[in-house]
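For reference, the structure is listed below as structure tokens.
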Amino acid sequence: MPSLKDLKNRIASVKSTRKITKAMQMVSAAKLRRAQEAAEAARPYAGRMDAVMAGLAGGMAGSDTAPRLLAGTGSDKVHLLVVMTGERGLCGAFNSSIVRMARARANELMAHGKTVKILTVGKKGREQLKRDFGNLFVGHHDLSEVKKMGYDVAQTIARDILTRFEHGEFDVAALFYNRFQSVISQIPTNRQVVPATFEADAGASALYDYEPSEEGILADLLPRGVATQVFTALLENGASEQGARMSAMDNATRNAGDMINRLTIQYNRSRQAAITKELIEIISGAEAL
Amino acid sequence: MADTMQFDLVTPERKLASAKVREVRIPGAGGDLTAMPDHAPLITTLRPGVLAVVAADGAASYAVTGGFAEVTGAGVSVLAERALPVGEVSLATIDALVSEAAANAASAPAERRDAAEKYAADMQALKATLGL
Numbered sequence: 001m002p003s004l005k006d007l008k009n010r011i012a013s014v015k016s017t018r019k020i021t022k023a024m025q026m027v028s029a030a031k032l033r034r035a036q037e038a039a040e041a042a043r044p045y046a047g048r049m050d051a052v053m054a055g056l057a058g059g060m061a062g063s064d065t066a067p068r069l070l071a072g073t074g075s076d077k078v079h080l081l082v083v084m085t086g087e088r089g090l091c092g093a094f095n096s097s098i099v100r101m102a103r104a105r106a107n108e109l110m111a112h113g114k115t116v117k118i119l120t121v122g123k124k125g126r127e128q129l130k131r132d133f134g135n136l137f138v139g140h141h142d143l144s145e146v147k148k149m150g151y152d153v154a155q156t157i158a159r160d161i162l163t164r165f166e167h168g169e170f171d172v173a174a175l176f177y178n179r180f181q182s183v184i185s186q187i188p189t190n191r192q193v194v195p196a197t198f199e200a201d202a203g204a205s206a207l208y209d210y211e212p213s214e215e216g217i218l219a220d221l222l223p224r225g226v227a228t229q230v231f232t233a234l235l236e237n238g239a240s241e242q243g244a245r246m247s248a249m250d251n252a253t254r255n256a257g258d259m260i261n262r263l264t265i266q267y268n269r270s271r272q273a274a275i276t277k278e279l280i281e282i283i284s285g286a287e288a289l
Numbered sequence: 290m291a292d293t294m295q296f297d298l299v300t301p302e303r304k305l306a307s308a309k310v311r312e313v314r315i316p317g318a319g320g321d322l323t324a325m326p327d328h329a330p331l332i333t334t335l336r337p338g339v340l341a342v343v344a345a346d347g348a349a350s351y352a353v354t355g356g357f358a359e360v361t362g363a364g365v366s367v368l369a370e371r372a373l374p375v376g377e378v379s380l381a382t383i384d385a386l387v388s389e390a391a392a393n394a395a396s397a398p399a400e401r402r403d404a405a406e407k408y409a410a411d412m413q414a415l416k417a418t419l420g421l
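If you read the sequences in order, they're chains S and D. The opening position of the first sequence corresponds to residue 1 in the working numbering, with each subsequent residue numbered one higher. The opening position of the second sequence corresponds to residue 290 in the working numbering, with each subsequent residue numbered one higher.
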């Protein structure tokens, strides 16, 4: 049975924890709004890019001259998994759901006899994957210094991926990130970027004149497409992380509140018990006289 | 014939402009071109240059560094990698871009050397055009 003093300390410490979680929740809410706006603002570009490339790619399908970024290397032996996570914890299952998905995929690929390489973006994923797949790491991008998620960050990562592809380090690359659905729901997503895949359906491409040429444009656009997809993933991840942190901190605040209530009841009960005990002692002492 | 068309300028980070315009001068990779309403459908890549827009209520111009433009009879949408209204381009920004392009050209592998050098030269030309 903890003493009254212990209980009092305990209540005070849970109260200060609640203050911290409450503050973190509010900070996340503000950041979430900004992240959502950024993701929203990026959508027209990504959507347009996807549609144009899908149209072009549809026209090129099966052609021998298709760029390697579209047609692939002709094999699928080596897979590069780009695992994009956050830099910080305390955001519920945000990081671990991405890691879980990437781990499942890596195991599945290795079971089929493929070679797996892992490129990590964000510290948390690297830490969690290090024990099982540490020997598969080929690189890491640290985002802890990044204040504002800009397109140049995405370009750096995309350039890294493309350079590796040109050097023949892998055949297939996929991004792992959380797609933002709502504050309480983020969907771990696996999106293949090399060879390129498109969300829009091909069609109505034959209408256009192309300058310089279809191949020329496609060769120019595909690397940009990779950067755009990385950028989309980064922004979705950013919004998801804040959303996940917000709901995790909301839960934590509520739990702290419940705990304070429970502890206060316990505190009051033992205070009353102590008073009753003292009264009994005094009364029985008086009676004995 | 319609005398205005929809013009959209988007970058990866945001939508920079969206308006009804009369003509758009595009710095295409193969040379400048002007799109007016009911232009034949066209997709072209961009080189670094100045994108000029003429609307009923005035003109505007933007410095773009690359990307592509999609022209249809009903409008023009430009997807630029980086774009800024000409008035907001500072000497420091353009200098950074020029030196980045030059560094890129110097380190490019042989098969892409030409393209990278052309990009750097276009960037120099853009700086000269802006007259900063």
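Glycine is no exception: its CB is placed at the ideal position from the N, C-alpha and C atoms. Since the structure is predicted, the reported quantities are computational estimates derived from the model, not experimental observations.
Cβ of residue i within 9 angstroms of any chain D Cβ
i	result
S:P67	no
S:R48	yes
S:F231	yes
S:P188	no
S:A42	yes
S:L175	no
S:A38	yes
S:D171	no
S:G150	yes
S:T228	yes
S:V82	no
S:L56	yes
S:A154	yes
S:P2	no
S:V138	no
S:L207	yes
Given residue i as reference, the closest of the options once Cα atoms are compared
i	options	result
D:A308	D:Y408, D:G364, D:A414	D:G364
D:D327	D:R336, D:E302, D:V360	D:V360
S:G257	S:D6, S:E241, S:K15	S:K15
D:V387	D:S379, D:E400, D:K416, D:G362	D:K416
D:A324	D:P337, D:A404, D:T293	D:T293
S:L119	S:H112, S:G113, S:F133	S:F133
S:F231	S:V183, S:Q242, S:R191	S:R191
D:E389	D:Q413, D:A318, D:L419, D:L340	D:Q413
S:A106	S:V82, S:P212, S:L90	S:V82
S:V116	S:K5, S:H141, S:S144, S:L80	S:L80
S:M149	S:N9, S:T228, S:V27, S:T276	S:T228
S:T21	S:N9, S:C91, S:A35, S:R262	S:C91
D:G355	D:A381, D:A410, D:R371, D:R401	D:R371
D:I383	D:Y351, D:V343, D:A345	D:Y351
S:R127	S:A29, S:E287, S:R103	According to the sequence shown, residue 127 of chain S is Glu rather than Arg. The option with the nearest alpha carbon to S:E127 is S:R103.
S:M101	S:E199, S:A12, S:L7, S:A174	S:A174
S:G47	D:E377, D:P398, D:D411, D:V367	D:V367
S:R245	S:L32, S:A288, S:L129, S:R18	S:L32
S:A9	S:F137, S:R164, S:S144, S:T264	It should be noted that the sequence gives Asn, not Ala, for residue 9 of chain S. Closest option to S:N9, Cα to Cα, is S:T264.
D:N393	S:A233, S:R159, S:A288, S:P44	S:R159
S:D142	S:R131, S:I157, S:A288	S:I157
Short CB-CB distance (under 9 angstroms) between residue i and chain S
i	result
D:R402	no
D:T354	no
D:P374	no
D:S350	no
D:F357	yes
D:S388	no
D:E406	no
D:D292	no
D:L368	yes
D:D327	no
D:D297	yes
Whole-angstrom C-beta distance between residue j and residue i, which should lie under 8 angstroms
i	j	result
D:L335	D:V313	At roughly 12 angstroms, the Cβ-Cβ gap does not stay under 8 angstroms, so D:L335 and D:V313 are not in contact.
D:R303	S:A196	Rounded, the Cβ-Cβ distance is 24 angstroms, inconsistent with contact.
D:P374	D:L340	Not a contact, Cβ separation roughly 10 angstroms.
S:V194	S:V146	Incorrect: roughly 24 angstroms between the Cβ atoms, too far for contact.
S:S247	S:I187	So it is not a contact: roughly 14 angstroms between Cβ atoms.
D:A369	D:L298	7 angstroms
D:G391	D:A409	In the sequence as displayed, the identity of residue 391 of chain D is Ala instead of Gly. Correct: roughly 5 angstroms between the Cβ atoms.
S:L70	S:M60	7 angstroms
S:Q36	S:T253	The pair is not a contact, with the Cβ atoms about 22 angstroms apart (cut-off 8 angstroms).
S:N178	S:T189	7 angstroms
Practice prompt. Give, in chain order, every residue of the region 300-325 of chain D whose Cβ lies closer than 7 angstroms to some Cβ of chain S.
Written response: T300, P301, E302, R303, K304, G317, A318, G319
Worksheet entry | chain D contacts from the region 214-226 of chain S (Cβ-Cβ distance under 8 angstroms) | G216, I217, D220, L221, R224
Worksheet item: What are the residues of the region 267-286 of chain S that lie near chain D, defined by any Cβ-Cβ distance shorter than 8 angstroms?
Response: none
Item to complete: Report yes or no: do three or more beta-carbon pairs, one from the region 110-129 of chain S and one from the region 206-221 of chain S, lie closer than 8 angstroms?
Response: no
Worksheet item: Is the region 86-100 of chain S touching the region 148-155 of chain S, taking contact as three or more C-beta pairs under 8 angstroms?
Response: no
Worksheet entry | Segment contact flag, the region 71-90 of chain S with the region 237-256 of chain S, C-beta cutoff 8 angstroms, min 3 pairs | Yes: at least three Cβ pairs fall under 8 angstroms.
Item to complete: Examine the Cβ distances between the region 47-66 of chain S and the region 221-233 of chain S and report whether three or more of them are shorter than 8 angstroms.
Response: yes
Discussion item. Residues of the region 329-345 of chain D in Cβ contact with chain S at a cutoff of 8 angstroms, in chain order, please.
Written reply: Of all residues in the region 329-345 of chain D, A329, P330, L331, I332, T333, T334 have a Cβ within less than 8 angstroms of some Cβ in chain S.
Worksheet item: Counting pairs of beta carbons, one from the region 249-263 of chain S and one from the region 65-80 of chain S, are three or more of them closer than 8 angstroms?
Response: No, the region 249-263 of chain S does not touch the region 65-80 of chain S.
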